[in-house]
Each structure stands twice: as structure tokens, then as C-alpha cells.
Amino acid sequence: MQANYVFRVTVQLDPPTAHLDPDRFETVCRLPAATPGTDGWLFFQYNLWRGDIADADHMQSLLMEKLGVEVIEASFSELETDSAYRAALESEIETDLSRFNADSVDAVVHQHLGSSIHVRDAEAIPDA
1 MQANYVFRVT
11 VQLDPPTAHL
21 DPDRFETVCR
31 LPAATPGTDG
41 WLFFQYNLWR
51 GDIADADHMQ
61 SLLMEKLGVE
71 VIEASFSELE
81 TDSAYRAALE
91 SEIETDLSRF
101 NADSVDAVVH
111 QHLGSSIHVR
121 DAEAIPDA
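The numbering of the sequence shown is this note's numbering, which starts it at 1 and goes up by one.
1) According to DSSP, simplified to helix, strand and coil, what is R8?
2) Is the separation between the beta-carbon of E80 and that of V6 shorter than 8 Å?
3) Got a sec? Which residues, its chain only, sit under 8 Å from V105 by beta carbon, not counting five neighbours each side?
4) List the whole-angstrom C-beta distance separating V69 from L31, where the pair is believed to meet the contact cut-off of C-beta under 8 Å.
5) Would you be able to state if there are at least three C-beta pairs under 8 Å between the stretch 14–26 and the stretch 34–51?
6) So D82 packs on I125, CB below 8 Å; how close in whole Å?
7) Per DSSP, which one or two residues make a beta bridge with V119?
8) Is the CB-CB distance between E120 and S77 below 8 Å?
9) Grab me the residues of A84's own chain with a C-beta within less than 7 Å of its C-beta, minus the 5 sequence neighbours each way, in chain order.
10) Considering only DSSP beta bridges, list what T27 is partnered with.
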């Protein structure tokens, strides 16, 4: 069971003893998704809305902490997941729909991830 939250990020490098050109570039960042039901599994609820970042400043700070470099811009690309993770996520959401103020699992997934969830073979999902 494997999944990653995938972001496009623009980072700024400013080394104290060198000059870089370019010193700003775009790259892909993958954050491993916590196993549904464990600490951190509600990342999507706290950070995403309709397939976009809900709070850009917060997400930039979070990504700066994870990456150790200045993040100028960030956008959510997708939750890449295998079918086992997706099934576990949906099962965990279903156990407490009231937490999400929704009537169905599909509504929760759409509210937070939009259509930005892609199921792949586990072997095709890079380790974060």
C-alpha cells in the first residue's frame, strides 16, 4: 500500500558563498501519504480543497520545512496511489463521514482532492 501527495514547487536557492544561475527553478515534490487511520492521514482534509492547496502560505511553509530550501510557489498536482491505499482511504473516510460534513465518501474525496487522484500500480509509484 503506497501513496504520495505530489506538488509542483518553485524553489529559491541562495547559498552564502556561491552564485547560482538560475537560482530559482521548478521541480516535483512527493510527500508520502500516511496510512489511513494513522497519525497524519488527514493531510488532505487540512491542506487541500477541490484539488488545490487551501492555504498557500501554510503549504509553502510546510514544504520549506520538508525541503530545507525557500519555496516561492507551490501547487498541488495529485494524490498518486495504488488501489490498496485508495480502498483503505475510502474505508477510513466512511467510518466517520460526519468528520467531513459530507453524505458520502465520493463527496469527501471530491471536496478535497477534486479529480486529482490517480491510481497506479504500486511498482509505478516512486518512493517519496
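Every residue, glycine too, gets a C-beta built ideally from N, C-alpha and C.
Put simply:
1) Looking at R8 - three-state DSSP - the assignment turns out to be strand.
2) In this structure, E80 sits near V6, with a CB-CB distance shorter than 8 Å.
3) Excluding residues within five positions, the ones whose Cβ falls inside 8 Å are E90, I93, E94, L97.
4) In fact, because the Cβ distance is near 15 Å, the residues do not count as touching under 8 Å.
5) The stretch 34–51 makes no contact with the stretch 14–26, as fewer than three CB pairs between them are under 8 Å.
6) Contact holds; Cβ gap of about 6 Å.
7) Bridge partners of V119: T81.
8) Looking at the sequence shown, residue 120 is not Glu but Arg. For R120 and S77, no; Cβs fall outside 8 Å.
9) Counting only Cβ-Cβ distances below 7 Å, and skipping sequence neighbours, we find M1.
10) Paired residues: V9.
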